[in-house]
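Take a look at the structure set out below.
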Amino acid sequence: VTGPCCPCPSPRPHPSLPAGKGSRECSGPTRVQGLCSADASGNSSSEDSPSVFTFLSFAPRNPMKWLDPQTFYFNFDNLQYAYGRYHCYLCFQVEREVNGSLVHVDMGVFVNQSADDNCHVELCFLSWFYAWLSPDERYHVTWFMSWSPCSQCAQQVAEFLKKHSNVNLSIFAARLYHFKDPEIQQGLRTLKRTGVQVAIMYFSDFLYCWNNFVRHGGMRFIPWKGINKNYWILVTTLEEILW
DNA sequence: ATTTTCAACT
Ligand SMILES: [Zn+2]
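Numbering (the numbering used here), first residue to last: 2 to 244.
Pasting the structure below:
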């Protein structure tokens, strides 16, 4: 019943994460893999130990290669009142430095699977990336997200980057997730302070995603009404959050 | 103009 990569015979709930669902934060896994021998001594760490990589509790999952055009248009629409966007999509690009220039490594798309393990896309990426990244390479990672990160994921990403100084991250968000929430705002500031480029997706970013992550079958990208006006509203909001 | 949002519900 356990995943293939869990050496533990009987997974038990993560000690520091609530079992309940429904939070807008990434409320943690419903099953635990990895971390099995780490805390077997009964030495329960304090409640919100920031040094714990909770993404390690999620089994690595492979990304998708492509988005369908209608999925992209619906989920990356940067409209102000984004009703019904109940999922988050993350298009990523990983490059590495070779003699001072960037070489393509991989790209793909993650979407959270709430029915599966409730893993937010940010942690899906970290779980997947952590499984194969080399400490001897310098990586440049770019995220194009339909929603900006929640506060808990922001903390996790910041911790990850502090412990992996060979990884550089840029985040471009189509929309700002719960931007009036002080904890969300703090999470975005934490990312910036950690060296992450945090920005709003512009026309050229949408076009780039269309060309590289959408199964467009030769169709041209047709921008939606208000794409630029919405961008400027979001940029203003983000600048106020980041100071 | 609205006040949504990495669901939850059948
Ligand atoms: Zn999250």
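For glycine and all other residues, C-beta sits at the position ideal for the given N, C-alpha and C.
Per DSSP, what are the beta-bridge partners of residue i in this structure?
i, result
"S171", "T143, Q198"
"R176", "W148"
"L68", "V215"
Is residue i buried or exposed, if buried means 16 or more other CB atoms sit within 10 Å of its CB?
i, result
"Q34", "Per-residue confidence for Q34 stands at a pLDDT of 41, beneath the threshold of 50, marking its modelled position as unreliable; the derived number appears in the next sentence. Counting Cβ neighbours within 10 Å, Q34 comes out buried, since at least 16 surround it."
"Q156", "buried"
"M146", "buried"
"M220", "exposed"
"P183", "exposed"
"F126", "buried"
"Q153", "buried"
"G85", "exposed"
"V158", "buried"
"P61", "buried"
"T237", "exposed"
"I1", "Only positions 2 to 244 of the chain appear in this structure, which leaves residue 1 out of reach."
"S58", "buried"
"P224", "exposed"
"F73", "buried"
"N213", "exposed"
"V104", "exposed"
Is residue i close to ligand 1? I mean its beta-carbon at under 6 angstroms from any heavy atom of the ligand.
i, result
"C120", "no"
"C92", "no"
"C125", "no"
"C154", "yes"
"C151", "yes"
| said: Could you tell me which whole alpha helix (DSSP H) segments of length 4 or greater appear in the region 191-242? | reply: 204-214
| task | Only counting runs of 3 or more residues, tell me where the beta strand (DSSP E) segments fall wholly within the region 77-151, in order along the chain. | result | Qualifying beta strand (DSSP E) stretches, in chain order: 90-99, 102-112, 140-148.
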